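Here the sequence shown is numbered in this note's numbering, starting from 486 and rising by one per residue.
We treat Cβ as the ideally placed atom computed from N, Cα and C, and that holds for glycine.
All values derive from a computational prediction rather than experimental measurement.
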Amino acid sequence: MKAAEITVSYHPTTPPKDRCLIRSSTDAYAMIHDIWNMDKIEYREEFVVLYLDRRHGVIGHYLHSIGSDVATIVSVKQILAIALKVNATGLILMHNHPSGSLKPSRNDKNLTDKIRKAAELFEITVLDHLIITLDGYFSFADDGMM
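Structural data, given as structure tokens:
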């Protein structure tokens, strides 16, 4: 019986010294327009994670899920698998509310807490969770929820 070979690879495109630094929710939100398909922000919910190094430099981003107009399904396991693969020490979670509401739901709060607790096991810090709309954003960290 043969076991499958597992290959892990990571090919960064920007040296650590040249990475964009995230120092605040404003910095994270500024990246949204480069990442998000703004034409669909009011059409469907999406969940994106920014992966950060120890200096809070952006290693990269990953679109984890695309959902419907009311929800999207997020896999904590997949978020952390990518974080471990790229050796991230920080995460910034982001998702949109097609309704235009900037108020976090109970599910948003529970998911944030679940990801935060799981990440802590690997010494990875969830720095913020942004809810975005065409009119702006809500930051869990700025609101004292992190």
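With DSSP as the reference, label residue i as helix, strand or coil.
i, result
"Leu535", "strand"
"Leu619", "coil"
"Met630", "coil"
"Leu596", "helix"
"Thr610", "strand"
"Tyr547", "strand"
Measure the alpha-carbon distance for residue i versus residue j and round it to whole angstroms.
i, j, result
"Asp555", "Lys487", "The amino acid occupying residue 555 in the given sequence is Val; Asp does not appear at that position. Taking the straight line from one Cα to the other gives about 44 angstroms."
"Met630", "Ser590", "13 angstroms"
"Ala566", "Ser586", "30 angstroms"
"Lys502", "Gly545", "14 angstroms"
"Ser494", "His541", "22 angstroms"
Going by C-alpha distance, which of the options is nearest residue i?
i, options, result
"Glu527", "Pro583, Ala603, Lys599", "Pro583"
"Val533", "Lys602, Asp627, His614", "His614"
"Lys602", "Ile616, Asp628, Ile564", "Ile564"
"Trp521", "Arg539, Pro497, Val561, Met579", "Met579"
"Arg539", "Ile507, His518, Thr492", "Ile507"
Under the criterion of a Cβ to heavy atom distance below 6 angstroms, does residue i qualify as lining the ligand ZN?
i, result
"Phe625", "Among the components modelled here there is no ligand, and therefore nothing to report on the ligand ZN."
Quiz item: Does the count of Cβ pairs from the stretch 597-617 and the stretch 568-575 closer than 8 angstroms reach three?
Solution: yes
Quiz item: Counting pairs of Cβ atoms below 8 angstroms between the stretch 616-629 and the stretch 512-523, do you hit three or more?
Solution: yes
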